[in-house]
Every structure is written in C-alpha cells, then in structure tokens.
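Listed in order, the protein sequences are those of chains A and B. Heads up, the first sequence is in the working numbering, so the first residue is 122 and it goes up one at a time. Heads up, the second sequence is in the working numbering, so the first residue is 122 and it goes up one at a time. In what follows, a single structure is set out as structure tokens and then discussed.
Number of protein chains: 2
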Amino acid sequence: MKASVFQKELQRKKIDAALFFSFGLQPDPNVMYFSGYDGSGVLVVPKKGDLFIIVPRMEYEKRIGVKKYVAENLFDKLRGLLGKNVRRIGVDYNKIQVSLLSRLKKELKASFKDISKVVAEQRLVKGKEEIEKIKKACSVTDAVFAKLVKNFRFRTEMDVLCFIGKEIKKNGCDLAFEPIIASGKNSSLPHYKTSDKKLGKGFCVIDFGARYKGYCSDMSRTLYLGKPSRKDIVLYEKLRRIQEKIIEMARTRVKCSELDLFARKWIGNKYFIHGLGHGIGVEVHEMPKINNKSKERLKEGVVFTIEPGMYVKNKFGIRIEDTVLMTKEKAVSLTKSTKKLIIKENFIN
Amino acid sequence: MKASVFQKELQRKKIDAALFFSFGLQPDPNVMYFSGYDGSGVLVVPKKGDLFIIVPRMEYEKRIGVKKYVAENLFDKLRGLLGKNVRRIGVDYNKIQVSLLSRLKKELKASFKDISKVVAEQRLVKGKEEIEKIKKACSVTDAVFAKLVKNFRFRTEMDVLCFIGKEIKKNGCDLAFEPIIASGKNSSLPHYKTSDKKLGKGFCVIDFGARYKGYCSDMSRTLYLGKPSRKDIVLYEKLRRIQEKIIEMARTRVKCSELDLFARKWIGNKYFIHGLGHGIGVEVHEMPKINNKSKERLKEGVVFTIEPGMYVKNKFGIRIEDTVLMTKEKAVSLTKSTKKLIIKENFIN
C-alpha cells in the first residue's frame with residue numbers, strides 16, 4: 122500500500138525509479154519505511170511493479186519482505202538491474218550525501234530528482250497499519266515502565282537502563298534509542314548520557330521508547346527519588362498540567378508553533394530549553410517539528426510527541442512526554458503511563 | 122595540533138573556514154575529531170585562530186573544549202559570526218546531505234568546496250594523543266572481556282550485553298557501538314541483533330568496543346558454550362592461525378586488499394562473507410577499508426581492525442578481531458585478550 126501510493130507519485134513526476142541507500146551506520150529510514158528492512162543495502166522502488174533490494178553478502182541470510190539480490194559490486198548490479206530504460210531517478214536529498222549523489226551521477230547514466238518532499242509528505246500521515254505498530258510500541262513502553270516502577274530497586278542509572286533494555290526485548294521490541302536516565306542534578310541536561318554512577322536524590326528523568334517492526338514510541342516520565350519538598354511537588358504539578366493542557370489544545374489545523382509557544386509562556390522561556398516535540402514513526406525524530414518556529418499545522422493521522430520540560434541549570438530538570446496521535450477530533454495519547462508524581466522515598470536497596 | 126595542521130591545509134587551498142554539522146541523530150564525527158564535542162551543533166574551523174561551535178540552547182550546559190555560542194537561529198548566528206570576509210567555505214561532501222548544502226548556499230553568500238579528502242587523509246594517520254586514547258579504549262575492552270569470561274554466568278544474550286555495557290561505563294568509557302552477542306546458530310549472522318533469548322549451545326561471537334574521549338576500540342572473540350567437537354576446535358584453530366598470520370603479514374606499504382585476499386583464500390570465499398577489516402578512530406568504521414577491492418596501502422600510524430570470520434549459513438559463525446596499530450616495523454595488536462578457544466561447558470547457571 123505504502124509503495125503503491127508512492128509509485129503513483131513517481132509516475133506523476135515522470136520518475137522511473139527511486140533509490141534509497143542504507144550503509145552501515147548511516148541507514149536511510151525510508152528503506153525501513155518501504156520494505157521493513159533495517160540492514161545495509163540499497164532499496165529500489167520502480168515506478169511500477171515490485172520493489173527490490175540489493176544487499177552485501179554479509180546480509181545474505183536476512184529475511185526481507187521484498188525481493189533480494191546479493192551483490193559484491195553494488196554499482197554494477199544496480200546498472201544491470203535498472204537497465205537502460207531508467208533515465209530519471211529519484212533520491213531523497215535530505216538523506217543522501219553530496220559525494221554519494223556525485224558517484225551515482227557518474228555510475229548511472231541518468232538524471233536525478235529530489236523526492237524528499239514526496240517522501241516526507243507521505244510519511245507525515247500514518248496509515249492504519251503504521252498506527253497499529255506505533256500503538257504496540259507504546260503499549261510495550263507502558264508495560265515496561267509499570268514494571269520498572271514496581272521493581273524500583275536500582276543502584277545506578279545504568280541499572281535502570283539495562284532493566285529497560287531487557288524488558289523491551291522480552292516484549293518483542295528493540296530500544297528505539299539509547300534511554301536517558303538522568304538523576305539528581307543530571308536531570309537538568311535534556312540529552313544527558315546515562316552513567317554508571319549511583320542514582321542521585323531528587324528528580325529523575327526517564328526517557329525511552331520501543332521500536333516494533335520499525336515503528337517507534339517515545340515517552341518521558343519524571344520520578345522523585347527521596348522526599349520531595351512542597352515546592353518540588355508544585356513545580357511538577359505545574360508542568361503536568363501544562364502538558365495535559367497542550368494535549369487538549371491539539372486539534373487538526375492548529376499550528377504546531379502555537380502549542381510550543383503556549384508551553385514556553387507558562388513554563389518560561391528561560392526554563393524551557395528545547396522544542397515541544399517532534400513527529401515520530403520509523404524515525405524517532407521526524408516531521409513535523411513542533412517548536413516555536415514550526416510552520417506546519419496538525420493533521421489527522423500525524424503521530425508526534427508532546428514533551429514540555431523545565432530545567433534549572435546545575436540543579437534539576439523535569440520532563441513529561443507522551444506519544445500522541447492526531448485524530449479527526451482530538452489528540453489521543455498512545456502512551457498511557459500514569460503522570461502522577463511517583464515518589465521513591467527509599468530508593469536505594 | 123590537529124586543528125592547526127588542518128588550518129594550514131585550508132590556507133593552502135585558499136579556504137576561509139570549514140563547517141561541520143552535527144544534528145541530533147546524524148552527528149558528524151569530524152566535530153568530535155576537532156573539538157571533542159559529541160552533541161548537536163555546528164563546528165567552525167577558521168583558516169586562522171580559534172575554533173568555535175554553535176549549539177542549540179538545550180546543550181548550553183555542556184562543557185566543550187572550544188568557544189561555544191548558543192543560538193536560537195543557527196543560520197543567522199553563523200552569518201553573523203563568519204562575517205563578510207568568509208567567501209570560500211569547506212564542507213565534507215562525504216558527510217553533508219545534498220539539501221543541507223543547498224540551504225547553506227542560500228543562507229550564506231559564499232562558495233563551497235569539498236574538503237572530504239583533506240579531512241580523511243589527516244584522520245587516516247593517528248597522532249600520539251589519538252593512539253593513547255585508542256590504547257585506553259582497547260585496554261578497557263580487554264579488562265571487560267577478562268571479567269566477562271571470569272564471571273560467565275549469563276542466561277541470555279542480553280545479560281551479556283548489559284554486563285558489557287555496565288563494565289565499560291564503570292571503566293570511564295562508553296560503548297563504541299551496540300555489542301553483538303550471537304550464540305548458537307545466530308552466530309552465522311555477522312550483524313546479528315542481540316536478543317533476549319537464552320544463550321544457545323555452540324560458538325558464541327562477542328563483538329564489542331569501548332569509546333574513550335571519542336576514540337573507539339573494536340574486538341571480537343568467539344567462545345564455545347557446551348562441549349566442542351574435535352571439528353569445532355580444528356575450525357576455530359584454523360581461523361585463529363589465519364588471523365594471527367595476517368597480523369604478521371601487515372607491513373607498511375602492503376596493500377590492504379592483499380591481506381583480505383589471503384584470508385579469503387584460506388577460509389574460502391564461500392565462508393568469509395564480509396571484508397577483513399576497517400580503519401577505526403573517532404568512527405568505528407572509517408578509512409581505510411580493508412577488503413578485496415581496497416586500493417590503499419598500509420601506513421605507519423594507521424589503526425585498523427583485522428577480523429576474519431567463517432560462517433556456515435543457519436549453523437554457526439566464528440570471528441576473531443583485534444584493533445591493531447601499524448608501526449614502522451609491524452602491526453601491533455592494541456587489544457590483547459587471549460585468542461585461545463574459551464570453552465564454557467556448563468554455561469547455564
């Protein structure tokens with residue numbers, strides 16, 4: 122279905138085939154989107170007929186949902202398989218490196234067209250099957266979080282990370298990204314790298330997601346380790362109300378920037394040091410951006426995060442994040458874990 | 122030092138400044154190479170004077186070795202900081218996406234030159250400080266592996282992965298990449314994704330590395346879980362001798378392809394389904410490639426892996442890999458873990 126919609130667009134644009142390149146540590150998420158394959162290889166989407174993929178020998182054993190060719194020399198194989206009738210080739214300029222495009226121009230006698238917009242627009246609105254996969258990733262995230270809270274006997278941030286990693290695998294998913302476990306004053310860093318230090322007292326941001334059949338979830342909850350002061354609770358509850366209010370405000374046709382600006386107004390720009398959210402699908406971060414500069418409006422079928430945060434330099438941070446789906450009527454949280462402040466007074470076992 | 126060598130090259134090429142872009146999940150390793158910084162931001166290397174970096178507000182708290190500017194609007198800030206005298210700008214065409222380069226051309230009134238070769242050549246030969254960092258990453262890898270072997274009471278592949286992750290953090294490093302723990306017939310997949318299944322009997326490939334101050338190590342060892350047959354031992358010993366022989370054969374001026382072809386000849390092309398190795402530094406995979414098509418010759422100061430493998434589809438795989446340094450006289454293994462076949466007869470606790 123996803124491929125046939127895209128193929129019609131290729132035909133409309135008189136493009137003979139589209140190529141997507143996943144090399145080693147720089148995979149193109151479009152390969153996952155169209156084929157479900159997450160290894161190294163080059164995906165070919167011809168304007169008509171079946172998709173196919175060219176993979177290095179190392180991947181010969183992997184099962185892929187589309188026809189697979191194993192090649193030692195990629196460009197020779199590509200030339201042979203495309204044949205002489207493929208003269209206009211589409212590539213995603215947002216993903217392809219300048220040198221790879223130059224190489225392609227030399228290796229294949231064809232002209233190249235940017236199809237980044239076509240791909241981005243198609244990927245922006247999620248279909249039924251895609252939503253089901255994201256829902257599954259979200260429900261696994263919720264289950265893992267519930268178990269984590271119930272079994273909160275961790276010594277270090279890494280212990281929490283490992284628990285999450287194992288539980289996500291047990292539930293048939295992969296980690297969508299390296300979880301952030303930021304305790305004590307580490308929580309003031311939104312992109313903190315989890316350490317092997319002992320969990321510190323105070324707010325503890327736990328930000329993680331699962332990947333199910335290529336599709337991601339992303340959720341953050343902030344626990345309190347130790348005994349919170351009245352002020353801590355007030356701050357947390359303020360952020361929680363803002364986050365919930367924004368989910369309520371999200372309607373189709375609403376500007377993404379409006380949501381961000383609402384959060385910024387109530388939290389204070391000084392304390393809210395990142396964007397409000399981001400689209401999510403086969404990439405953890407994809408379109409639309411949800412920040413104060415976003416030009417997009419919300420649409421039915423878009424899946425995105427709402428993650429306001431409140432950070433005080435060198436002191437603490439709080440972040441509450443859900444993955445939500447824009448329906449015709451309203452935004453529905455697909456991550457459903459409790460947002461009540463979870464307090465672990467005696468957290469050290 | 123690294124920057125000043127590069128700056129001289131910029132001057133020679135009449136380039137006023139070089140820009141390197143690290144955005145979210147697509148970081149440019151050159152940013153790490155020149156500044157030691159691993160977050161989001163844009164690194165500017167002017168032809169003379171101090172390097173600086175422009176980061177989003179979210180990263181305001183991070184300590185970076187070079188001057189840091191925080192900007193809400195990257196391109197405005199970049200235009201302001203570069204000023205009118207910067208007319209020729211270098212970017213790495215191997216790293217930058219086509220659409221980002223187009224955007225730069227619109228935003229900055231300057232001409233753009235490819236500096237991928239300059240950067241690659243400089244990064245190919247490691248300096249003394251770089252080698253010290255890689256050595257440290259390798260010695261941590263050895264220490265973690267020794268502890269893993271000593272404490273081999275794991276139930277699942279994920280248990281092994283978590284042990285490695287925690288121990289590497291305890292030793293002040295990060296994982297260089299997601300470790301591969303492939304037991305039983307999973308070992309026949311070179312890029313197998315570690316599962317939460319019970320460890321299977323037979324060969325178990327453990328492939329991991331540490332990252333110390335940006336610099337990586339990469340090592341694989343293959344254990345045997347259960348009781349190996351005579352044939353298993355013979356196969357393992359054959360691969361071990363081949364791997365050790367190749368390290369001996371590596372001399373400056375030797376062609377990389379020659380080493381790969383030697384391995385291929387003795388293992389059999391059918392069973393050796395990936396390249397022999399790869400350069401390593403701030404990237405796990407960097408220049409030189411060491412495969413049957415490589416054009417490069419070995420040079421003093423190059424650090425790379427030698428990792429022949431032997432794979433039988435759906436049955437098993439064996440891989441032995443070291444990170445080695447090319448010195449004037451010979452290749453020296455920086456990872457020094459034993460290559461004797463480690464047998465865990467009663468591996469299930």
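Virtual Cβ for every residue (Gly too), placed ideally from N, Cα, C.
- Does the segment 362–376 of chain B come close enough to the segment 444–455 of chain B to have 3 or more Cβ pairs within less than 8 Å? yes
- Task: Indicate whether cysteine 377(B) and glutamate 442(B) have their beta-carbon atoms separated by less than 9 Å.
- Result: Looking up residue 377(B) in the second sequence gives position 256. Looking up residue 442(B) in the second sequence gives position 321. Contact flag unset, no.
- Task: Using DSSP bridges, identify the partner residues of valine 176(A).
- Result: Numbered from 1 along the first sequence, position 55 holds the residue referred to as residue 176(A). Answer is Val191(A), bridged to valine 176(A).
- Helix, strand or coil at phenylalanine 266(B) [DSSP, three-state]: Working through the second sequence from its first residue, we reach residue 266(B) at position 145. Here phenylalanine 266(B) sits in helix by DSSP.
- Could you say which of Val403(B), Gly201(B), Pro148(B) lies nearest to alanine 331(B) if we only look at CA atoms? Residue numbering aside, residue 331(B) sits at position 210 when the second sequence is read from its first letter. Of Val403(B), Gly201(B), Pro148(B), the residue nearest in Cα terms is Val403(B).
- Task: Count the other CB atoms, across all protein chains shown, that sit within 10 Å of the CB of serine 415(A); report buried if there are 16 or more and exposed otherwise.
- Result: For this step, residue 415(A) is matched to residue 294 along the first sequence. Answer is buried; the Cβ neighbour count reaches 16.
- Message: What are the residues in the segment 315–344 of chain A lying within 7 Å of chain B by C-beta distance?
- Response: Ser316, Asp317
- Burial state of glutamate 250(A), where buried means 16 or more other Cβ atoms lie within 10 Å: To locate residue 250(A), count along the first sequence from 1; it is residue 129. It is exposed - the Cβ of glutamate 250(A) has fewer than 16 other Cβ atoms within 10 Å.
- Message: Quick check on leucine 296(A): does DSSP put it in helix, strand or coil?
- Response: As a working note, residue 296(A) is residue 175 in the first sequence. Of the three classes helix, strand and coil, the one that applies to leucine 296(A) here is strand, per DSSP.
- Residues of chain A with CB under 7 Å from proline 311(B), in chain order? As a first step, residue 311(B) is located in the second sequence; it is residue number 190 there, counting from the start. Simply Met179.
- What does glutamine 218(A) reach in chain B if we use C-beta pairs closer than 8 Å? Position 97 of the first sequence, counted from the first residue, corresponds to residue 218(A). Near glutamine 218(A) (Cβ distances below 8 Å), the residues of chain B are Tyr214, Asn215, Lys216, Ile217, Gln218, Val219.
- Give the DSSP-derived three-state secondary structure of aspartate 353(B) in the structure shown. In the second sequence, counting from the first residue as 1, residue 353(B) sits at position 232. Aspartate 353(B): helix per DSSP, three-state reduction.
- Item | Limits of the unbroken beta strand (DSSP E) element including phenylalanine 324(B) | Locating residue 324(B) in the second sequence gives position 203, counting from the first residue. Run containing phenylalanine 324(B): 323–329, per the beta strand (DSSP E) assignment.
- Query: Is there at least one Cβ from chain A nearer than 9 Å to threonine 426(B)'s Cβ?
  - Reply: Against the second sequence, residue 426(B) aligns to sequence position 305. No, threonine 426(B) lies away from the interface with chain A (no Cβ there is under 9 Å from its Cβ).
- Task: Could you tell me whether the segment 237–245 of chain A touches the segment 202–220 of chain A, where touching means 3 or more Cβ pairs closer than 8 Å?
- Result: yes
- Query: For aspartate 317(B), which residues from the same chain have a beta carbon less than 6 Å from its beta carbon, with the 5 sequence-adjacent residues on both sides left out?
  - Reply: Walking along the second sequence from the start, residue 317(B) turns up at place 196. Excluding positions up to five away in sequence, the list reads Thr277, Met279.
- Message: Against chain B, does cysteine 421(A) count as a neighbour if the rule is that its beta carbon must be under 9 Å from one of theirs?
- Response: In the first sequence, counting from the first residue as 1, residue 421(A) sits at position 300. As written in the sequence, residue 421(A) is glutamate, which differs from the cysteine given in the question. Closer than 9 Å: no.
- Query: Starting from serine 341(B) and walking both ways along the beta strand (DSSP E), at which residues does that stretch end?
  - Reply: As a first step, residue 341(B) is located in the second sequence; it is residue number 220 there, counting from the start. It spans 340–346 - the beta strand (DSSP E) in which serine 341(B) sits, taken as one unbroken run.
- Message: Less than 7 Å between C-beta atoms, sequence neighbours within five positions excluded: which residues of the same chain meet that for threonine 456(B)?
- Response: Position 335 of the second sequence, counted from the start, is the residue given in the question as residue 456(B). Within the same chain, threonine 456(B) has close Cβ partners Cys259, Thr262, Asp263, Ser338, Met340, Asp443, Thr444.
- Message: For cysteine 283(A), would you say it is in contact with chain B, using Cβ-to-Cβ distances shorter than 9 Å as the test?
- Response: Within the first sequence, numbered from 1, the residue matching residue 283(A) stands at position 162. True, the Cβ-Cβ gap to chain B drops below 9 Å.
- Task: Determine the DSSP secondary structure at aspartate 443(A), reduced to helix, strand or coil.
- Result: Position 322 of the first sequence, counted from the start, is the residue given in the question as residue 443(A). Reduced to three states, the DSSP call for aspartate 443(A) is strand.
- Report back the beta-carbon spacing between asparagine 412(B) and glycine 396(B) to the nearest angstrom; my notes put them in contact at under 8 Å. If you number the second sequence from 1, residue 412(B) lands on position 291. If you number the second sequence from 1, residue 396(B) lands on position 275. That belief holds up - the Cβ atoms of asparagine 412(B) and glycine 396(B) are roughly 3 Å apart, short of 8 Å.
- Query: Which residues in chain B sit within 8 Å of glutamate 182(A), going by Cβ to Cβ distance?
  - Reply: What you label residue 182(A) is simply residue 61 of the first sequence in a count that begins at 1. Ser309, Leu310, Lys434, Asn435, listed in chain order.
- Message: Check whether chain A comes within 9 Å of phenylalanine 141(B), counting only Cβ atoms and requiring the distance to be less than that.
- Response: Indexing the second sequence from 1 puts residue 141(B) at position 20. Closer than 9 Å: no.
- Query: Would you call the segment 298–307 of chain A and the segment 318–328 of chain A in contact, with 3 or more CB pairs under 8 Å?
  - Reply: yes
- Give the residues of chain B in contact with aspartate 295(A), contact being defined as C-beta atoms less than 8 Å apart. If you number the first sequence from 1, residue 295(A) lands on position 174. In chain order: Lys314.
- Task: Just the C-alpha distance for lysine 254(B) and tyrosine 333(B), rounded to the nearest angstrom, thanks.
- Result: Residue numbering aside, residue 254(B) sits at position 133 when the second sequence is read from its first letter. Residue numbering aside, residue 333(B) sits at position 212 when the second sequence is read from its first letter. One C-alpha to the other measures close to 6 Å.
- Query: When every heavy atom of the ligand NAP is checked, does at least one fall within less than 8 Å of the C-beta of phenylalanine 127(B)?
  - Reply: With respect to the ligand NAP, the structure shown offers nothing to examine, as it has no ligands at all.
- List, in order along the chain, the chain B residues whose C-beta lies closer than 8 Å to that of leucine 222(A)? Residue mapping note: residue 222(A) aligns to position 101 of the first sequence, counting from 1. Here the neighbours are Val219.
- So which of Phe468(A), Val375(A), Lys434(A), Glu358(A) has the shortest CA-CA distance to lysine 461(A)? For the purposes of this step, residue 461(A) is taken as residue 340 along the first sequence, with counting starting at 1. Of the listed residues, the one whose Cα sits closest to lysine 461(A) is Glu358(A).
- Close Cβ partners of glutamate 130(B) (< 7 Å) along its chain, the five nearest in sequence each way excluded: The residue given as residue 130(B) occupies position 9 in the second sequence. Answer for glutamate 130(B): Val239, listed in chain order.
- In chain order, which continuous runs of the beta strand (DSSP E) of length 3 or greater are located wholly inside the segment 411–437 of chain B? 424–427, 430–433
- Hey, leucine 199(A) and leucine 229(A) are a contact pair by Cβ (cut 8 Å); roughly how many whole angstroms apart? Here residue 199(A) is taken as the residue at index 78 of the first sequence, counted from 1. Here residue 229(A) is taken as the residue at index 108 of the first sequence, counted from 1. With a Cβ gap of about 7 Å, leucine 199(A) and leucine 229(A) count as contacting.
- Cα-Cα separation, serine 223(A) to glycine 211(A): Counted from its first residue, the first sequence places residue 223(A) at position 102. Counted from its first residue, the first sequence places residue 211(A) at position 90. Distance between the alpha carbons of serine 223(A) and glycine 211(A): 14 Å.
- Backbone secondary structure at tyrosine 181(A) - three-state DSSP: Residue mapping note: residue 181(A) aligns to position 60 of the first sequence, counting from 1. Note: tyrosine 181(A) maps to coil in three-state DSSP.
- aspartate 171(A) versus proline 409(B) - alpha carbon distance: Translated into the one-based positions of the first sequence, residue 171(A) becomes position 50. Translated into the one-based positions of the second sequence, residue 409(B) becomes position 288. Taking the straight line from one Cα to the other gives about 36 Å.
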